[in-house]
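Participant: Residue numbers (this note's numbering): 2 to 94. In this text, a Cβ means the ideal position worked out from N, Cα and C, and glycines have one as well. Just so it is clear, the structure is predicted and the values come from calculations on it, not from any experiment.
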């Protein structure tokens with residue numbers, strides 16, 4: 002069991018390193034993001050947003066010039082978009 006957990010941790014660490022190596026400082030995902038993965042991303046200074054709607058992803062892609070990537074192994078620096086400001090706001094209660 003320990004070997005399995007170590008391998009999972011290594012995989013998540015490598016994924017975070019892949020995102021950082023591409024030059025991203027924000028990652029927006031339609032699905033969930035594992036807590037440990039979020040930890041590794043945060044340690045690299047990457048803001049991770051999970052459970053974004055497909056329609057929102059498409060709007061973000063258009064607004065930033067970024068490309069929606071379905072597999073992190075395919076992520077390249079030219080896929081990244083740009084935003085002058087990224088912030089999280091809570092609206093309502």
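Per DSSP, residue 27 forms a beta bridge with which residues?
Facilitator: By one-based count along the chain shown, residue 27 stands at place 26. Its beta-bridge partners are 48.
Participant: Report buried or exposed for residue 6, applying the criterion of at least 16 other Cβ atoms within 10 angstroms of its Cβ.
Facilitator: Within the chain shown, residue 6 is the residue found at index 5, counting from 1. That one is exposed.
Participant: Measure the alpha-carbon distance for residue 18 versus residue 45 and round it to whole angstroms.
Facilitator: Residue 18 sits at position 17 when you count from the first residue of the chain shown. Residue 45 sits at position 44 when you count from the first residue of the chain shown. One C-alpha to the other measures close to 8 Å.
Participant: Is DSSP giving residue 11 helix, strand or coil here?
Facilitator: Taking the first residue of the chain shown as 1, we reach residue 11 at position 10. Here residue 11 sits in helix by DSSP.
Participant: If contact is defined by three or more beta carbon pairs under 8 Å, each pair taking one atom from either stretch, is the segment 70-85 in contact with the segment 41-55?
Facilitator: no
Participant: If the criterion is Cβ atoms closer than 7 Å, does the pair residue 43 and residue 13 meet it?
Facilitator: Within the chain shown, the letter at position 42 stands for residue 43. Within the chain shown, the letter at position 12 stands for residue 13. Not closer than 7 Å, so no.
Participant: How would you label residue 86, buried or exposed, when you count the other beta carbons within 10 angstroms and need 16 or more for buried?
Facilitator: Here the question's residue 86 lines up with position 85 in the chain shown. Label assigned to residue 86: exposed.
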